[in-house]
Structures are given as structure tokens and as C-alpha cells.
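Novice: Next up is a structure, given as C-alpha cells.
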Amino acid sequence: MNNHLNDKICGIIFGQAIGDAIGFGTEWISKQQVTEKYPNGLHDYNQITRYNDLKGMEGWFPGDWTDDTDQMLCILDSLLEKQEIDIHDIAAKIHHWAITDGMGMGRTVYTVVHTPGFLENPYEIANKVWSDSGQKWAANGAVMRTSVLGIWQYQNLDQVKHNAEKVSRITHPDPRCLGSCVAVCLTLSNLLQGETDIEQLVSKIAKIVQSYHPEFQEYFDKAALSLDALDLDEGLNPGETDRVGYTLKTLSAGFWALQQAQSYEDGILRIIHEGGDADTNAAVAGALLGAKFGYSAIPKRWVDGLVYRQELAAKVERLMLYQRSRN
Ligand SMILES: [Mg+2]
122 MNNHLNDKIC GIIFGQAIGD AIGFGTEWIS KQQVTEKYPN GLHDYNQITR
172 YNDLKGMEGW FPGDWTDDTD QMLCILDSLL EKQEIDIHDI AAKIHHWAIT
222 DGMGMGRTVY TVVHTPGFLE NPYEIANKVW SDSGQKWAAN GAVMRTSVLG
272 IWQYQNLDQV KHNAEKVSRI THPDPRCLGS CVAVCLTLSN LLQGETDIEQ
322 LVSKIAKIVQ SYHPEFQEYF DKAALSLDAL DLDEGLNPGE TDRVGYTLKT
372 LSAGFWALQQ AQSYEDGILR IIHEGGDADT NAAVAGALLG AKFGYSAIPK
422 RWVDGLVYRQ ELAAKVERLM LYQRSRN
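Be aware that the sequence shown starts at 122, since it is given in our numbering, and climbs by one per residue.
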């Protein structure tokens, strides 16, 4: 395994965690409110005052990531322990996190994991919850945790696609959620394989996921156009339909960053200043940017400021060791 590959793998995991941690500062507020709250912009964890504003946030400090990365780590821990995709083990780890911590947990995950029978048959329960929603729920709770599955078995793209779907179905069976996970994971795997032609890669991925739902094309088109076109705070301004937390919104933020950002920092800063589901949008974008630019391109202040930096580094090291033993 070469250093270049290690830099990308590390970039994906740290890229996600850092995007999540800094994006938390502008989560669930409009772009206008971001400007009011941070007149000089948000650049560092210690500017985030939300920790003091919210009740029940004890134990959450500047530089701490949120549910997006916690759940990604449930998957990573399971992979390291079982050395394969074990749906029941991943479900058990997400359930354990949900009942012992669960800070920032979204509605879909909360409902699914608290429905009796989840541990025995997660797919059945997740399908029931989705059906009960009128097959309408297509939240970003699966795509936000999927990045590690773009690393696992990255040499085999069919397997990566299969794994991404399998793990999404534990809580999010909607085809838009499955396709979002597949799009992110396949893109990460291609980047790890050494793909450098981003335009060609994005058009290949867009074609693959079109079969999941017709709406994918619209969001890939917007992502190629501009950040404004994505309207990431849609639903947080008067009179707007709520689209915050929609899986295709988050996916398109990631693909905008992959195509348009000049650097990891540029992409993350521009996304979080749009408001909306900023931590999740930046977590997904952060993984993609981390794969493109590498860990070495992530600002040192953001790496050093992560509360659980050492724990994360130890997990990534174990993942890289495993990958090395497989090559
Ligand atoms: Mg979150």
C-alpha cells in the first residue's frame, strides 16, 4: 500500500469527521442567519456558540463531530471486528449508540431503531417505517455515514455498490437513499483506484444511479451548475417547502464540492456558509474532498482541533493495516 493511497483513505475519514464538526456551527439555520451569526464567517470550531445555546448538549465540545460520524464509526468498528459486512452487527452498534448517546439523531434512524424487532430483522422494520411514511421518507441519514464503505473492498466496484445498498437498507430503504450511498461510495472507490478525471467520473456515476430514481439527474445537473442552484437552506426561509435533510440535497452538495471546490477548505467553508443541514452536507462533501485532495491537504488547525482526533487516527490506522494485509 502506498503513501498516496493512505493519504486518500485518511482524507476520507478525517474529511468526513471535520466537515461534520465544523458544519455543526451552521446546522439548521438559513444562509441569512449564518451571516448574522458569523458576520466575519465561521472558520474554526471555537467560534461555535451553539454548544452553549442548546439544552441537553452537555458533553459536546468545539471540535466534536455529530451523529453522522458517530454512525460511520459504528460501521467502521463492525468492519474491523467482523472483517465483513455483518448487517445485524452494524444494526446492533447503531442501536447501542442510539440508546446510550444518540445526540443529533435524525427522525428516520430514531423511529427505526426504537421499533420493536429492529435488532432481529432491521430490513423488515426499516421497510415498515418507510411504508408507514407513505414511501416518502428519503432522509440523508444513510448517505451521511456511508463513506467508509467506499474504502472497504474499493478494488471491487460491484462489491462496493452491493455493500453500500446493504448497509443503507438497515434504516433507509428508499431508492433515493440507496442511490445516494452508491453514488458516494463508488466515487470514493474510483478515486482510491487512482481516477483523476473528475468530469468523466461524475458523469459515469450519474448514469449508474439514474436507474434508482429519475430525480438524480436533476440534482447532478444542479451540482454541475452552482452552489446557489442547490438552495441548501430551502425550507428554512418563510414560505418554503422543507427540503432540509433530503438525501439528494446532501448528495448534490458533495458532488458540487467535488467538481467546483479549489481545495478541501474552500469546499467545506463554502458549503457550511449556505446553512441548511450543514454538518451532514459538509460530512459528505468532506469525504469526497478528502479522497480528491488527501489528508495532507486538510488544514492542520481543523485536524488538531478535533476532540477525538487520536481515537479516530487509531481506527484509521487499523483500517489501513487491514487494507494492506488484503493487497
Ligand atoms: Mg449531524
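Here a beta-carbon is modelled for each residue, glycine too, at the ideal position from N, C-alpha and C.
1. Do the region 330 to 337 and the region 431 to 439 meet, that is, are 3 or more Cβ pairs less than 8 Å apart?
2. Taking the alpha-carbon positions, what's the Leu-126 to Gly-136 distance?
3. So which residues put a beta carbon under 5 Å from any heavy atom of ligand 1, going in chain order?
4. Taking the alpha carbon of Trp-258 as the point to measure from, which residue in Val-233, Lys-421, Ile-134, Glu-202 has its own alpha carbon closest?
5. I'd like the list of long-range same chain contacts for Thr-190, defined as Cβ closer than 7 Å, with 5 residues on each side in sequence excluded.
6. Would you mind working out which of Cys-302, Leu-353, Phe-239, Ile-272 sits nearest Thr-147, comparing C-alpha positions?
7. Within 8 Å of any Cβ in chain B, is that where the Cβ of Ile-133 sits?
8. With the cut-off set at 8 Å, would you say Val-230 and Gly-262 are in Cβ contact?
9. Just to confirm the assignment: which complete alpha helix (DSSP H) runs, minimum length 4, are found wholly within the region 377 to 417?
10. Alpha helix (DSSP H) containing Lys-158: first to last residue?
11. Quick check on Tyr-166: does DSSP put it in helix, strand or coil?
12. With DSSP collapsed to three states, give me the class of Tyr-244.
13. Can you tell me where the alpha helix (DSSP H) with Leu-357 in it begins and where it stops?
14. Mapping the DSSP letters down to three states, classify Tyr-367 as helix, strand or coil.
15. Distance, Cα to Cα, Ile-196 vs Thr-170?
16. Measure the C-alpha to C-alpha separation of Thr-308 and Ile-326 and round it to an integer number of angstroms.
17. Pick from Ala-345, Asp-207, Ala-285, Gln-380: whose alpha carbon is nearest that of Asp-318?
18. By alpha-carbon positions, which one of Ile-130, Leu-313, Arg-290 ends up nearest to Cys-302?
19. Report the partner residues of Asp-260 according to the DSSP bridge assignment.
20. Throw me the rounded Cβ distance for the Thr-187 and Gly-225 pair, which I believe falls under 8 Å.
21. For the region 291 to 301 against the region 364 to 384, do three or more pairs of beta-carbon atoms, one drawn from each stretch, fall closer than 8 Å, so that the two count as touching?
22. Specify, as a first and last residue, the run of the alpha helix (DSSP H) that Trp-181 falls within.
23. Is the beta carbon of Met-265 sitting closer than 8 Å to the one on Thr-362?
24. Which residues bound the alpha helix (DSSP H) around His-217?
25. CA-CA distance, Asp-279 and Lys-152?
Specialist: Looking at the coordinates:
1. no
2. 15 Å
3. Thr-187, Asp-188, Asp-189, Gly-225, Asp-400
4. Val-233
5. So the qualifying residues of the chain are Gln-137, Ala-138, Asp-141, Ala-404.
6. Leu-353
7. Although the question refers to chain B, the structure presented lacks it and comprises just one protein chain.
8. yes
9. 385 to 393, 399 to 414
10. First-last of the alpha helix (DSSP H) with Lys-158: 152 to 158.
11. helix
12. helix
13. Looking at the DSSP string, Leu-357 is not in any alpha helix (DSSP H), and its letter there is neither H nor E.
14. Tyr-367 falls in the strand class under three-state DSSP.
15. When rounded, the distance between both Cα atoms is 30 Å.
16. Looking at the two C-alpha atoms, the distance is approximately 7 Å.
17. Gln-380
18. Arg-290
19. Here residue 260 is Ala; the residue named in the question, Asp, does not match the sequence. Paired residues: Tyr-367.
20. 4 Å
21. yes
22. No alpha helix (DSSP H) holds Trp-181; DSSP gives it neither H nor E.
23. no
24. 208 to 221
25. 39 Å
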